[in-house]
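One structure is given here, and the rest of the page talks about it.
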Amino acid sequence: MHSFSPPSRRSFGLRLLSGDTPGHPVASFLMAVLVFVLAFAPLLFAGTRAVATAARVAIFVVLAASYDLLLGYTGIVSFAHTLFFGLGAYGVAIALAGSGPSWSALFVGSAAGIGFAALLGIGIALLSLRVRAIFFSMITLAVASVGQVLASQLHDITGGEDGLTFSVPPLLSPSFHPFTEPVLGVRIDGRLNTYYLIFVVSLVLFLLLLRLVNSPFGRVLRAIRENEFRAEALGYRVVVYRSLASAIAAAMAAIAGTLMALLLRYNGPATTLSFSIMIDILLMVVIGGMGTLYGPAIGAALMVLAQYYLEPALQFLAELTAPFPLLSAVFQPDRWLLWLGFLFMLVVMYFPAGIVGSLRARGLYSQTR
Amino acid sequence: MKPSERTLPVLLVLLIAALGFAAMPFTDWLTLSAAGLAMGMMLFLMVAGLTLIFGLMDVLNFAHGAFITFGAFAAGTVFARFPQLVASDRWEENFLILALAALAAALLSGALGFGFERVAIRRVYGAHLRQILLTTGALIVAEQLAIVIWGPDAIPVLKPAGLRGSFLIAGAAIEKYRVVAALFGLFVFLLLQGILAHTRIGIIVRAGVENREMVEALGYRIRPLFAGVFVAGAALAGIGGAMWATYAATVTASLGSDLTVLIFIVVIIGGLGSVGGSFLGALLVGLVTNYVGFLAPKLALLSNILLMAAILLWRPRGLLAAGGR
Amino acid sequence: MTEQPLLVLKGVHTHIGRYHILQGVDLEVYAQRVSVLLGRNGAGKTTTLRTILGLWRASAGEISFDQHRLNTLDPPAIARLGIAYVPENMGIFSGLSVRENLLLGTGPKGFRNSRLEEVLASFPLLREKWNLPAGTLSGGQKQILAIARAMMLPRRLFVVDEPTKGLAPAMVDVLLDAFLRLKEGGATILLVEQNFAMAATLGDDAAVMEDGRIVHVSSMAALAQDEALQTRLLGLSLASHQ
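Residue numbers (the numbering used here), protein chains in the order written: chain A, 1 to 369; chain B, 1 to 325; chain C, 1 to 242.
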């Protein structure tokens with residue numbers, strides 16, 4: 001799904017997206033809205049909670065898109081993606097909690113987390129080639145569990161179940177107030193800085209992913225996903241490509257983790273390592289559309305919004321059906337995961353290409369070929 | 001399979017038992033070994049169907065834990081229905097309530113398996129990626145449905161009165177229930193092996209695990225057979241769940257998900273498609289969990305993972321993997 | 001020959017993924033005759049057999065077996081019409097014993113003693129290895145087992161793919177004997193065989209495949225006598241094989 005026009009003749013916008021457009025007016029519209037809202041969130045929303053939610057969306061866009069690199073483009077089903085997320089977050093958390101809120105600590109912590117994640121990513125890729133695909137997914141599930149258990153039990157290092165709370169460098173800290181008066185209606189404080197750090201990094205990473213999957217490297221990945229034997233026969237060493245893809249996906253997820261830690265000024269096993277986050281990522285990527293990158297981005301936004309709006313909607317339905325206990329139980333707000341899970345299953349069974357994939361297949365918008 | 005290929009894995013189990021023996025006082029070892037055997041038998045029940053389904057039809061069912069959960073709840077419900085049988089001291093009444101609970105578990109989980117195979121699994125034959133995704137989603141939905149049906153709180157499950165307490169053997173306290181569980185699991189194992197070895201269906205299943213295409217080319221319809229194996233596997237898992245809940249005295253909606261990693265480890269260790277392999281794998285995991293749980297509680301899960309890694313390095317397809325796939 | 005052919009392929013195309021393997025195969029197999037399908041490696045012979053058996057779906061064309069249309073049937077249904085398959089890799093179940101392998105070749109009633117005795121008489125080595133796992137047999141023995149399994153029930157058509165591939169000459173002779181006996185019993189066989197000498201001894205009719213099509217049909221005798229034709233079509237000659 002990429003443009004065939006020679007790179008030199010593309011417009012700047014097209015080049016920025018590496019020639020890979022969302023592929024359908026609806027998808028493009030949704031992406032445009034998403035980018036706009038994220039870019040101007042502090043101006044658009046008054047409360048800190050809404051801006052924090054926007055930051056969450058940005059982080060999950062990166063997390064989901066990096067997972068799509070593995071799932072949609074390389075064809076690897078791993079349940080260990082949250083490990084990378086957690087490694088990045090814990091890297092920052094441990095460094096900042098341990099040696100105080102300095103930029104050097106932040107960099108060292110991030111680098112360590114990202115580095116470990118990349119190495120682990122390579123390890124997982126090597127594993128995927130050694131054992132059968134069937135075993136592989138199950139093993140990643142087991143490894144992710146171990147990660148969770150270790151994080152909760154290595155109390156001295158990770159703060160155990162309670163996690164680590166820490167302060168961030170002054171520029172990012174909520175108590176940073178360079179100007180007493182709001183500028184353009186927005187208070188300039190550490191929170192704003194943190195938000196834009198998250199937004200800019202997320203945007204850059206997403207664009208990098210677009211470039212990656214539309215490069216020769218990306219094409220080889222797709223060839224490997226289609227037919228491993230043939231790719232190997234053509235001279236591409238599957239081992240190398242898988243390891244690289246895995247390392248990159250891992251590193252990006254870890255960066256997302258560092259951003260999450262900065263956002264919350266806290267990290268714990270439930271924040272970044274829990275299986276429910278892994279499920280969220282799966283839902284985002286599959287419902288959004290595997291192998292499109294835009295799909296996971298839209299999926300991430302939808303999921304975060306859904307979690308926000310689904311509960312009140314269910315509450316409404318629960319009250320409506322109160323006379324019928326069993327029916328009402330199905331609509332309890334706590335059961336939002338039931339509905340999302342059900343939607344997920346429907347998508348896998350009937351719309352495996354997800355939102356963006358299905359839209360693209362409709363072909364209403366012809367790509368510049 | 002050469003005889004030596006089969007004996008080495010058995011020796012591995014004995015080796016682990018021996019290591020345990022060396023690492024702790026005798027009475028502790030005896031209690032823990034009994035606990036490990038019982039746990040292993042329960043795990044085996046849960047896993048037997050799963051491994052056959054993997055081996056026979058290459059189907060990845062990440063939702064297998066749902067059968068465990070529903071079976072456990074079915075047992076809990078049956079116990080709650082007949083408190084007088086549970087509280088009774090007479091072994092016939094205890095036996096009756098246990099049989100009822102097991103039957104209820106098997107029926108509920110079997111029905112769930114039948115429905116799930118019909119509605120969902122059939123659509124994703126041969127597509128591993130979609131199977132993983134679909135069944136993962138199903139596990140989540142199943143857990144939520146369990147909460148809808150039985151509520152979010154843990155349900156207590158009381159052991160029948162006659163099975164509470166322990167035998168005293170060689171100075172070690174060995175729980176009566178564990179002995180019953182172990183014997184029952186052993187019985188099921190022997191029954192399964194017997195069916196596989198001596199009945200026509202068993203031969204077809206074993207052949208199908210090796211080479212499904214050839215079995216079809218010989219005129220046998222494998223699809224209905226698979227549905228049957230799927231339902232039987234679900235029913236067995238339900239019974240396993242019922243036994244586990246009875247042992248743990250409680251059941252929550254997350255039982256199946258919590259056990260998912262462990263049952264996968266057992267299946268991987270044993271090798272896909274091998275009932276004998278999953279039997280040995282279950283024993284190994286049961287023993288290791290209990291020994292390490294006593295010696296270094298925090299390392300229990302990790303040690304199972306290491307065990308799995310070590311076995312995969314030795315035999316990448318599991319201890320007794322069947323067939324050429 | 002005014003009789004109707006037992007098995008007819010008309011314009012059969014088969015795609016495997018993106019590859020267009022069979023490009024319009026026309027083939028006729030007559031009852032109680034041995035038809036040999038010849039051709040170089042990669043010509044599409046195995047694909048043709050597998051398409052007949054329903055293991056691969058034909059994308060176009062017609063396959064009919066005695067008034068039954070095979071295109072839409074699945075492999076078990078095709079097998080139940082009386083078609084036996086002996087694949088290139090023999091399809092023996094290594095984990096099962098010789099007895100169990102043979103049992104799978106029988107119908108719902110299991111072994112019929114008379115039939116079993118006949119087969120075991122033809123292949124005494126199977127009786128020796130009766131309870132041993134089939135995986136312990138040598139290549140040639142496995143091949144014998146595969147053929148014996150196909151003989152456990154009366155079959156209307158035997159579809160055999162390269163039975164002598166990789167076998168020692170002594171084993172090839174044993175196989176040849178077995179096939180000759182089958183032939184004497186009036187069996188209909190569709191055989192893919194690279195060993196031209198064997199093909200020439202057994203075959204009544206010959207069809208040569210190239211690039212997914214049948215490029216030559218004649219009696220085996222005619223082909224065996226025409227060395228120039230052999231060299232052109234198969235890159236070898238009967239004389240050089242003997």
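Even for Gly, the Cβ is constructed at its ideal location relative to N, Cα and C.
Residues of the stretch 123-141 of chain B whose Cβ lies closer than 7 Å to any Cβ of chain A, in chain order: 123, 128, 129, 130, 132, 133, 134, 136, 137, 138, 140 and 141
Name, going along the chain, the residues of the stretch 56-72 of chain B whose beta-carbon falls closer than 9 Å to a beta-carbon of chain A. 58, 60 and 62
In chain B, what lies closer than 8 Å to residue 335 (chain A) by C-beta? Translated into positions along the first sequence, residue 335 (chain A) becomes position 335. Near residue 335 (chain A) (Cβ distances below 8 Å), the residues of chain B are 144, 147 and 148.
Partners in chain B for residue 158 (chain C), counting only beta-carbon separations shorter than 9 Å: As a working note, residue 158 (chain C) is residue 158 in the third sequence. Within 9 Å Cβ-Cβ: nothing; residue 158 (chain C) doesn't reach chain B, min ~12 Å.
Beta-carbon contacts of residue 294 (chain A) that lie in its chain and below 7 Å, excluding the five residues immediately before and after: The residue labelled residue 294 (chain A) in the question sits at position 294 within the first sequence. Only 22, 27, 31 and 356 meet the Cβ criterion.
Out of B:150, B:86 and B:303, point me to the one whose CA is closest to residue 246 (chain B)'s CA. Translated into the one-based positions of the second sequence, residue 246 (chain B) becomes position 246. Looking at the Cα atoms, B:86 is the closest of the given residues.
Out of A:180, A:61 and A:316, point me to the one whose CA is closest to residue 335 (chain A)'s CA. In the first sequence, counting from the first residue as 1, residue 335 (chain A) sits at position 335. Per the Cα distances, A:316.
Please state the DSSP three-state secondary structure of residue 321 (chain B). For this step, residue 321 (chain B) is matched to residue 321 along the second sequence. Coil.
So for residue 4 (chain C), helix, strand or coil by DSSP? Numbered from its first residue, the third sequence carries residue 4 (chain C) at position 4. Looking at residue 4 (chain C) - three-state DSSP - the assignment turns out to be coil, as it is neither helix nor strand.
Can you grab the Cα-Cα spacing for the pair residue 365 (chain A) / residue 59 (chain A), in whole Å? Locating residue 365 (chain A) in the first sequence gives position 365, where the first residue counts as 1. Locating residue 59 (chain A) in the first sequence gives position 59, where the first residue counts as 1. Because the pLDDT at residue 365 (chain A) is just 48, under 50, the model does not fix this residue reliably, and the point stays unresolved.
Give the straight-line distance between the Cα atoms of residue 76 (chain A) and residue 44 (chain C), rounded to the nearest whole angstrom. To locate residue 76 (chain A), count along the first sequence from 1; it is residue 76. To locate residue 44 (chain C), count along the third sequence from 1; it is residue 44. Between residue 76 (chain A) and residue 44 (chain C), the C-alpha separation is close to 33 Å.
Can you pull the DSSP bridge partners for residue 202 (chain C)? Here residue 202 (chain C) is taken as the residue at index 202 of the third sequence, counted from 1. None, per the DSSP bridge assignment.
Any Cβ of chain A within less than 8 Å of the Cβ of residue 316 (chain B)? Here residue 316 (chain B) refers to the residue found at position 316 when the second sequence is read from its first residue. With 8 Å as the cut-off, residue 316 (chain B) counts as an interface residue toward chain A.
Roughly how many angstroms lie between the CA atoms of residue 168 (chain B) and residue 176 (chain B), to the nearest whole one? As a position in the second sequence, residue 168 (chain B) is number 168, starting the count at 1. As a position in the second sequence, residue 176 (chain B) is number 176, starting the count at 1. Those two C-alpha atoms are separated by around 10 Å.
Got a sec? Which residues, its chain only, sit under 7 Å from residue 239 (chain B) by beta carbon, not counting five neighbours each side? What you label residue 239 (chain B) is simply residue 239 of the second sequence in a count that begins at 1. So the qualifying residues of the chain are 45, 71, 102, 105 and 106.
Less than 8 Å between the beta carbons of residue 239 (chain A) and residue 73 (chain A), yes or no? By one-based count along the first sequence, residue 239 (chain A) stands at place 239. By one-based count along the first sequence, residue 73 (chain A) stands at place 73. No; because the gap between Cβ atoms is not below 8 Å, this pair is not in contact.
Looking only at its own chain, which residues have a Cβ that is under 7 Å from the Cβ of residue 145 (chain C), when we skip the five neighbours before and after it? Counting from one through the third sequence, the residue named residue 145 (chain C) turns up at place 145. Cβ neighbours of residue 145 (chain C) beyond the five flanking positions: 92, 98, 101, 126, 134 and 137.
Does the separation of the CB atoms of residue 367 (chain B) and residue 50 (chain B) fall below 8 Å? Here chain B comprises residues numbered 1 to 325, so residue 367 (chain B) is not present and cannot be evaluated.
Which residues in the same chain as residue 38 (chain A) place their Cβ atom closer than 7 Å to its Cβ, once the five residues preceding and following it in sequence are excluded? Locating residue 38 (chain A) in the first sequence gives position 38, where the first residue counts as 1. 54, 57, 58 and 199.
If you draw a straight line from the alpha carbon of residue 199 (chain B) to that of residue 235 (chain B), how long is it in whole angstroms? One-based indexing of the second sequence puts residue 199 (chain B) at position 199. One-based indexing of the second sequence puts residue 235 (chain B) at position 235. Cα to Cα, the separation comes out at about 20 Å.
Interface residues of chain C around residue 304 (chain B) at Cβ under 9 Å? The count along the second sequence starts at 1 and reaches residue 304 (chain B) at position 304. Going along chain C, no residue has its Cβ under 9 Å from residue 304 (chain B), so there is no contact; the nearest lies around 28 Å.
Whose Cβ in chain A lies nearer than 9 Å to the Cβ of residue 54 (chain B)? Your numbering for residue 54 (chain B) matches position 54 in the second sequence. In chain order: 134.
Report all residues from its chain with a CB closer than 6 Å to the CB of residue 325 (chain B); omit the five preceding and five following residues, and keep chain order. For this step, residue 325 (chain B) is matched to residue 325 along the second sequence. Its pLDDT being 32, under 50, residue 325 (chain B) is placed unreliably in this model, and the value from its coordinates should be taken loosely. Contacts found: none.
Every unbroken alpha helix (DSSP H) within the stretch 127-210 of chain B, with a cutoff of 4 residues, ordered by chain: 128-150, 176-198 and 200-210
Kindly say whether residue 282 (chain A), judged by its beta-carbon, lies nearer than 8 Å to any beta-carbon of chain B. For the purposes of this step, residue 282 (chain A) is identified with residue 282 of the first sequence, where counting begins at 1. Cβ-Cβ to chain B under 8 Å: yes for residue 282 (chain A).
Using beta carbons (cut-off 8 Å, strictly below), is residue 80 (chain C) in contact with chain B? As a position in the third sequence, residue 80 (chain C) is number 80, starting the count at 1. True, the Cβ-Cβ gap to chain B drops below 8 Å.
With distances taken from CA atoms, which of C:224, C:208 and C:219 is nearest residue 233 (chain C)? Sequence index remark: in the third sequence, residue 233 (chain C) carries index 233 (1-based). Nearest option by C-alpha distance: C:208.
Please list, in chain order, the chain B residues whose beta carbon lies closer than 7 Å to that of residue 360 (chain A). Residue 360 (chain A) sits at position 360 when you count from the first residue of the first sequence. Within 7 Å Cβ-Cβ: nothing; residue 360 (chain A) doesn't reach chain B, min ~19 Å.
Out of curiosity, what's the CA-to-CA distance linking residue 7 (chain C) and residue 144 (chain A)? Within the third sequence, the letter at position 7 stands for residue 7 (chain C). Within the first sequence, the letter at position 144 stands for residue 144 (chain A). Cα-Cα distance, rounded: 56 Å.
What are the boundary residues of the alpha helix (DSSP H) that residue 173 (chain C) is part of? Position 173 of the third sequence, counted from the start, is the residue given in the question as residue 173 (chain C). Run containing residue 173 (chain C): 169-184, per the alpha helix (DSSP H) assignment.
With 8 Å set as the bound, which would you pick, yes or no: does the beta-carbon of residue 191 (chain C) sit closer than that to a beta-carbon of chain B? As a position in the third sequence, residue 191 (chain C) is number 191, starting the count at 1. Closer than 8 Å: no.
Against chain A, with Cβ distances strictly below 8 Å, would residue 261 (chain B) count as a contact? Working through the second sequence from its first residue, we reach residue 261 (chain B) at position 261. By this cut-off, residue 261 (chain B) is an interface position.
Listed from N- to C-terminal order along the chain, which residues in the stretch 219-251 of chain B have their beta-carbon within a distance smaller than 7 Å of any beta-carbon of chain C? 219, 220 and 221
If you reduce the DSSP assignment to three classes, tell me which class residue 68 (chain A) lands in. Numbered from 1 along the first sequence, position 68 holds the residue referred to as residue 68 (chain A). Here residue 68 (chain A) sits in helix by DSSP.
Does residue 297 (chain A) have its Cβ less than 8 Å from a Cβ in chain B? Sequence index remark: in the first sequence, residue 297 (chain A) carries index 297 (1-based). No, its Cβ sits nowhere closer than 8 Å to a Cβ of chain B.
Under 8 Å by beta carbon: chain C residues contacting residue 211 (chain B): By one-based count along the second sequence, residue 211 (chain B) stands at place 211. Neighbours of residue 211 (chain B) on chain C, chain order: 91 and 93.
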